[in-house]
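**Student:** My structure is below; once you've seen it, I'll send some questions.
In the numbering used here, the protein residues as written are 6 to 705.
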């Protein structure tokens with residue numbers, strides 16, 4: 006892996022800072038406080054995020070707090086890298102929001118390709134380099150004297166060299182770890198020790214077990230009451246459920262009663278409404294009859310009676326009138342008189358002639374003629390039933406009757422009726438008018454009574470509503486009640502029967518019984534609480550014993566694993582490490598040293614001038630070179646999956662010019678295959694690397 010570019014939005018003193026690194030040797034130059042450590046921290050944070058701790062082992066603030074932007078800009082940036090297989094990746098982080106994303110060279114978001122945990126965040130560096138932050142710092146980062154505080158602390162440097170050769174980690178010693186584990190196991194204790202945590206915990210557990218046995222005897226006495234309590238609580242729970250159903254049924258019954266009241270009210274209101282409508286229909290019909298029988302206001306009952314009497318009188322007078330027309334009869338009477346006189350004269354003449362003939366011819370003829378003439382004279386001289394005076398009187402009577410009929414018809418016309426042709430017809434009309442007059446009065450009285458009755462019904466109907474404003478409000482309430490009954494899911498008929506059988510009495514009885522049981526149990530409460538405390542103490546004691554056992558097992562297992570791992574390192578990795586270290590050491594020391602290995606007495610030895618010499622025999626500069634060679638070799642051994650850049654920070658402070666030259670020659674040579682970034686504050690190192698081709702020099 007190679008680092009291509011650092012784009013810093015905000016990190017420590019840097020804001021909107023861009024730094025481009027080459028694929029080979031890079032030299033980052035800057036005086037003290039120029040920001041070299043800030044860049045190194047940014048690089049590690051972009052790959053691995055920040056460590057999850059508040060302070061480091063020396064008590065300093067963690068990078069998360071230490072490198073918050075001074076300017077208040079966005080805390081984060083972008084790290085552009087190139088993997089060994091040629092893929093370009095951009096790692097983007099916002100440390101304030103704790104956001105992290107990874108994009109490929111097509112700017113496609115591939116963040117999901119990397120593992121993520123809530124505790125450790127997005128594992129980018131771990132996935133790409135197959136190592137965690139600590140391993141990366143212990144291999145890729147090479148500082149002045151490693152991590153020691155004082156350069157002349159040779160013992161500390163020696164220990165780091167030994168640790169690297171034994172475990173591959175300069176801060177981890179297999180021997181120290183095993184010693185620490187053995188000491189830890191002894192401090193925990195076992196069956197053969199006394200007054201250790203293990204022994205104290207075992208004694209406490211036995212004491213608590215004895216107390217628990219005594220407490221169990223009391224618990225046995227409580228068992229029956231406890232069972233009774235559980236049984237009663239179950240029964241009460243069932244009764245409570247029934248009581249809930251009962252209460253719901255009561256509510257349904259209440260709703261049903263309310264519904265019945267509303268229905269009765271509505272039915273009564275509807276009954277009144279029907280009666281009122283019937284009276285309205287009757288009032289309308291009576292009104293129609295009154296309109297049909299209504300007479301003009303100027304027609305009085307007295308006038309009707311007067312005309313009825315006049316008509317009755319006229320009818321009686323008409324009874325004295327002969328049949329037929331009196332005038333015609335008068336004419337006929339005068340004509341009859343003239344005809345009688347003519348016939349009488351003719352009879353007298355006939356008698357005279359007959360008498361003459363009888364005298365002349367035969368007396369029988371005279372007798373016959375006389376009889377016939379006498380008969381004819383009788384017929385003509387017969388008295389008529391009326392006289393002229395009678396007829397004149399009849400004509401006067403008829404005239405008076407006609408005048409009366411005209412007057413009666415004039416009255417009839419004022420009543421909007423058709424004129425009568427006779428007194429009989431007029432009598433019928435007048436009687437009908439009289440009846441209408443009386444009927445109208447009766448109908449008016451009837452109409453008044455009907456209206457009064459309707460008013461009373463409307464008043465009663467209004468009183469039926471009582472507290473309600475109108476029938477629509479009643480109907481709305483009735484609909485609401487029906488809806489509530491439907492939503493309750495309880496049949497009205499069934500709810501009435503349920504409501505009769507109330508479980509409340511049994512419920513209250515069971516509650517009283519439960520109270521009695523609880524009262525008995527409360528007498529044992531103190532001892533039960535003590536027993537609970539004993540149980541809790543035993544649990545804690547047992548947990549403590551379990552943790553101690555786990556600790557002992559973990560210590561034993563860790564010791565075995567360390568032994569196995571150290572052996573594995575000695576067998577497989579250390580030979581490779583020693584071989585690579587020798588090659589590098591030979592290169593940077595100009596052939597003076599070609600091997601660095603651990604002796605039988607845990608001494609770090611090297612071959613020099615065909616003889617084995619202890620590390621302590623050489624100068625600090627030589628020891629630094631050996632440490633540098635071992636770190637570079639370890640980086641190559643422990644970065645098999647992906648090549649890791651070598652980052653060197655002021656590591657050559659105590660090198661002489663020859664050593665610096667040989668070291669940079671070595672770095673320039675391996676930079677052809679591996680990216681190297683050297684941080685320095687020395688101008689002479691810039692002058693030195695300026696002699697090489699394709700060296701990227703960055704000034705802060």
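Cβ coordinates follow ideal geometry from the N, Cα and C atoms, glycine included.
Using a 10 Å radius around the Cβ and a threshold of 16 neighbouring Cβ atoms, would you call residue 57 buried or exposed?
**Tutor:** So residue 57 ends up on the exposed side.
**Student:** Pull up the distance between the alpha-carbon of residue 432 and that of residue 445, whole angstroms please.
**Tutor:** One C-alpha to the other measures close to 19 angstroms.
**Student:** Please state the DSSP three-state secondary structure of residue 106.
**Tutor:** Here residue 106 sits in strand by DSSP.
**Student:** Rounding to the nearest angstrom, what Cα-Cα distance links residue 262 and residue 490 in this structure?
**Tutor:** Whole-angstrom Cα-Cα distance: 11 angstroms.
**Student:** Between which residues of its own chain and residue 121 is the CB-CB distance below 6 angstroms, once the five residues before and five after are set aside?
**Tutor:** Closer than 6 angstroms at the Cβ level, and outside the excluded window around residue 121, lie 127.
**Student:** Would you tell me roughly how many angstroms separate the C-alpha atoms of residue 640 and residue 593, rounded to the nearest one?
**Tutor:** Between residue 640 and residue 593, the C-alpha separation is close to 17 angstroms.
**Student:** Tell me the residue span of the beta strand (DSSP E) that contains residue 697.
**Tutor:** Taken as a continuous stretch (DSSP letters only), residue 697 belongs to no beta strand (DSSP E), as it is neither H nor E.
**Student:** Check whether the Cβ atoms of residue 590 and residue 634 sit closer than 8 angstroms, and answer yes or no.
**Tutor:** In this structure, residue 634 lies closer than 8 angstroms to residue 590 by Cβ.
**Student:** With distance defined between alpha-carbon atoms, name the residue in 689, 630 and 652 nearest to residue 668.
**Tutor:** Checked all of 689, 630 and 652; the closest Cα to residue 668 is 630.
**Student:** Rounded to the nearest angstrom, what separates residue 289 and residue 448 at their Cα positions?
**Tutor:** Straight-line Cα distance between these residues: approximately 12 angstroms.
**Student:** By how many angstroms is the C-alpha of residue 551 removed from the C-alpha of residue 701?
**Tutor:** About 59 angstroms.
**Student:** What would DSSP say about residue 654, mapped onto helix, strand or coil?
**Tutor:** Residue state, collapsed to three classes: strand.
**Student:** Hey, residue 107 and residue 129: beta-carbon distance below 8 angstroms or not?
**Tutor:** Yes, the Cβ-Cβ distance between residue 107 and residue 129 is below 8 angstroms.
**Student:** What does the Cβ neighbour count give for residue 145, buried or exposed, with the cut at 16 atoms within 10 Å?
**Tutor:** Classification of residue 145: buried, given that the 10 Å Cβ count is 16 or more.
**Student:** Using 8 angstroms as the threshold, is the C-beta distance between residue 17 and residue 699 below it?
**Tutor:** No, the pair does not count as a contact, with Cβ atoms beyond the cut-off.
**Student:** Once you ignore the five residues that flank residue 483 on each side, which residues in its own chain have a CB closer than 8 angstroms to its CB?
**Tutor:** Around residue 483: 264, 267, 268 and 271.
**Student:** Could you check which residue in 113, 679, 657 and 274 has the C-alpha nearest to that of residue 477?
**Tutor:** With distances taken between Cα atoms, residue 477 lies closest to 274.
**Student:** Rounded to whole angstroms, how far is the Cβ of residue 87 from the Cβ of residue 148, which I believe are closer than 8 angstroms?
**Tutor:** Not quite, the Cβ-Cβ distance comes to about 25 angstroms (not below 8 angstroms), so this is no contact.
**Student:** What three-state label does DSSP hand residue 15 in the structure shown?
**Tutor:** Residue 15 falls in the strand class under three-state DSSP.
**Student:** Just list the residues that DSSP pairs residue 359 with in beta bridges.
**Tutor:** Answer is none; residue 359 lacks a bridge partner.
**Student:** Among 650, 690, 693 and 675, whose alpha-carbon lies nearest the alpha-carbon of residue 142?
**Tutor:** It is 650 whose Cα lies nearest to the Cα of residue 142.
**Student:** Taking the alpha-carbon positions, what's the residue 307 to residue 402 distance?
**Tutor:** Cα to Cα, residue 307 sits roughly 26 angstroms from residue 402.
**Student:** Could you check what DSSP says for residue 79 in three-state terms: helix, strand or coil?
**Tutor:** In the structure shown, residue 79 sits in coil (DSSP, three-state: anything other than H, G, I, E or B).
**Student:** How many whole angstroms separate the CB atoms of residue 674 and residue 32, which I take to be in contact at a CB cut-off of 8 angstroms?
**Tutor:** No, residue 674 and residue 32 are not in contact; Cβ-Cβ is about 16 angstroms, not under 8 angstroms.
**Student:** Taking the C-alpha atoms as reference points, what is the distance between residue 597 and residue 658?
**Tutor:** Distance between the alpha carbons of residue 597 and residue 658: 21 angstroms.
**Student:** Which of the three DSSP states, helix, strand or coil, is assigned to residue 24?
**Tutor:** Of the three classes helix, strand and coil, the one that applies to residue 24 here is strand, per DSSP.
**Student:** Would you identify the three-state DSSP class for residue 262, choosing helix, strand or coil?
**Tutor:** In the structure shown, residue 262 sits in a helix (DSSP, three-state: H, G or I).
**Student:** Buried or exposed for residue 283, please, with buried defined as at least 16 other CB atoms from any protein chain shown within 10 angstroms of its CB.
**Tutor:** Residue 283 should be labelled exposed.
**Student:** Can you tell which of 469, 510, 132 and 434 has the C-alpha that lies nearest to the C-alpha of residue 278?
**Tutor:** Residue 278 has its Cα closest to that of 469, out of 469, 510, 132 and 434.
**Student:** Where residue 117 and residue 19 are concerned, what is the direct C-alpha to C-alpha distance, given to the nearest angstrom?
**Tutor:** Each residue's alpha carbon lies about 30 angstroms from the other.
**Student:** Rounded to a whole number of angstroms, what is the C-alpha to C-alpha distance between residue 11 and residue 642?
**Tutor:** Their Cα atoms are separated by approximately 27 angstroms.
**Student:** Distance, Cα to Cα, residue 407 vs residue 295?
**Tutor:** Approximately 33 angstroms, taken between the alpha carbons.
**Student:** Give every residue of the same chain whose Cβ lies closer than 8 angstroms to the Cβ of residue 429, excluding the five residues on either side of it in the sequence, and list them in chain order.
**Tutor:** The answer, listed in chain order, is 320.
**Student:** If you measure between the beta carbons of residue 508 and residue 247, is that distance less than 8 angstroms?
**Tutor:** Taking 8 angstroms as the Cβ cut-off, residue 508 and residue 247 qualify as a contacting pair.
**Student:** Taking buried to mean at least 16 other C-beta atoms within 10 Å of its own C-beta, is residue 688 buried or exposed?
**Tutor:** Label assigned to residue 688: exposed.
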